[in-house]
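This report refers to the structure that appears directly beneath it.
Residue numbers (the numbering used here): 22 to 201.
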């Protein structure tokens, strides 16, 4: 048995036994990886481990569990209906995407110790840029995810796309701070 198949089996067992914990851990790990790529490859700066810990915490404690609940809700609302995948994408992009963008910028600001005024400034400067970029990436990714991927694997599949997305978010939010 290869190492990859061993890891996959372990992941599937963990997902079945501890779905929220497994999805939260996966999300936190992917968010941290995106920040690491941003820092070392895109920004080409000295690594700031505390910054990566913020991404880990946000994914582990907030985004991973929220995503699991969101996907369960979408499934309950639309599974078995006509055009279910399309309805899920529209609902996801109109409701969840704006919420997550706002939560990310606010949450990361709070974790950094930014003042309310600094957080408002960041939201005013880059929230809509992030939302527009979101609409260029996520509708297609989510349509594929909702149409082809079983519910229990959707957070994992989305996290593969999210590696690139989180790299962008880390770069964009830090670029905003350095240009202020």
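All C-beta atoms, glycine included, are put in the ideal place defined by N, C-alpha and C.
Quiz item: Using 8 Å as the threshold, is the stretch 103 to 117 in touch with the stretch 161 to 173, meaning 3 or more CB pairs across them?
Solution: The stretch 103 to 117 makes contact with the stretch 161 to 173: 3 or more CB pairs, one atom from each, lie closer than 8 Å.
Quiz item: What residue does the alpha helix (DSSP H) around residue 37 start on, and which one ends it?
Solution: Within the chain shown, the letter at position 16 stands for residue 37. Membership of residue 37 in the alpha helix (DSSP H) is indicated by the continuous run 24 to 38.
Quiz item: Taking the Cβ atom as the reference point for each residue, do residue 81 and residue 125 lie within a distance shorter than 9 Å?
Solution: Locating residue 81 in the chain shown gives position 60, counting from the first residue. Locating residue 125 in the chain shown gives position 104, counting from the first residue. Here residue 81 is not near residue 125, since their CB atoms are 9 Å or more apart.
Quiz item: If you drop the 5 nearest sequence neighbours on each side, which residues of the same chain put their C-beta closer than 7 Å to that of residue 92?
Solution: In the chain shown, counting from the first residue as 1, residue 92 sits at position 71. Non-local C-beta neighbours of residue 92 in its own chain, meaning closer than 7 Å and more than five positions away in sequence, comprise 172, 175 and 176, ordered along the chain.
Quiz item: Is residue 77 buried or exposed, if buried means 16 or more other CB atoms sit within 10 Å of its CB?
Solution: As a first step, residue 77 must be located in the chain shown, where it is residue number 56. When all chains shown are included, residue 77 counts as buried.
Quiz item: Would you report the Cα separation of residue 138 and residue 183, rounded to the nearest angstrom?
Solution: Taking the first residue of the chain shown as position 1, residue 138 is located at position 117. Taking the first residue of the chain shown as position 1, residue 183 is located at position 162. If you take the alpha carbons of residue 138 and residue 183, they lie about 29 Å apart.
Practice problem: Pick helix, strand or coil for residue 135, following the three-state DSSP scheme. | Solution: One-based indexing of the chain shown puts residue 135 at position 114. Coil at residue 135, not helix or strand.
Practice problem: Taking only the alpha-carbon atoms, compute the straight-line gap between residue 104 and residue 66 and give it to the nearest angstrom. | Solution: Position 83 of the chain shown, counted from the first residue, corresponds to residue 104. Position 45 of the chain shown, counted from the first residue, corresponds to residue 66. Cα-Cα distance, rounded: 46 Å.
Quiz item: In terms of alpha-carbon separation, which member of 128, 122, 26 and 132 lies closest to residue 186?
Solution: Taking the first residue of the chain shown as 1, we reach residue 186 at position 165. Cα-wise, what sits closest to residue 186 is 122.
Quiz item: residue 113: which of 197, 156 and 49 sits nearest, CA to CA?
Solution: Walking along the chain shown from the start, residue 113 turns up at place 92. When only C-alpha atoms are compared, the closest one is 156.
Quiz item: Less than 9 Å separating the beta-carbons of residue 101 and residue 47?
Solution: As a position in the chain shown, residue 101 is number 80, starting the count at 1. As a position in the chain shown, residue 47 is number 26, starting the count at 1. Going by C-beta atoms, residue 101 is not nearer than 9 Å to residue 47.
Quiz item: With DSSP run on the structure shown, which of helix, strand or coil describes residue 193?
Solution: Position 172 of the chain shown, counted from the first residue, corresponds to residue 193. Residue 193: helix per DSSP, three-state reduction.
Self-check item: Inter-residue spacing [alpha-carbon to alpha-carbon] between residue 30 and residue 127
Solution: Locating residue 30 in the chain shown gives position 9, counting from the first residue. Locating residue 127 in the chain shown gives position 106, counting from the first residue. Their Cα atoms are separated by approximately 36 Å.
Quiz item: How about residue 143 and residue 55: do their beta carbons lie closer than 9 Å?
Solution: Position 122 of the chain shown, counted from the start, is the residue given in the question as residue 143. Position 34 of the chain shown, counted from the start, is the residue given in the question as residue 55. No, Cβ-Cβ distance for residue 143 and residue 55 is not below 9 Å.
Exercise. Compare the beta carbon distance of residue 27 and residue 35 with 9 Å and say whether it is the shorter of the two.
Key: Within the chain shown, numbered from 1, the residue matching residue 27 stands at position 6. Within the chain shown, numbered from 1, the residue matching residue 35 stands at position 14. No; because the gap between Cβ atoms is not below 9 Å, this pair is not in contact.
Quiz prompt | Three-state secondary structure assigned by DSSP to residue 142 | solution = Counting from 1 along the chain shown, the entry for residue 142 is found at position 121. Note: residue 142 maps to helix in three-state DSSP.
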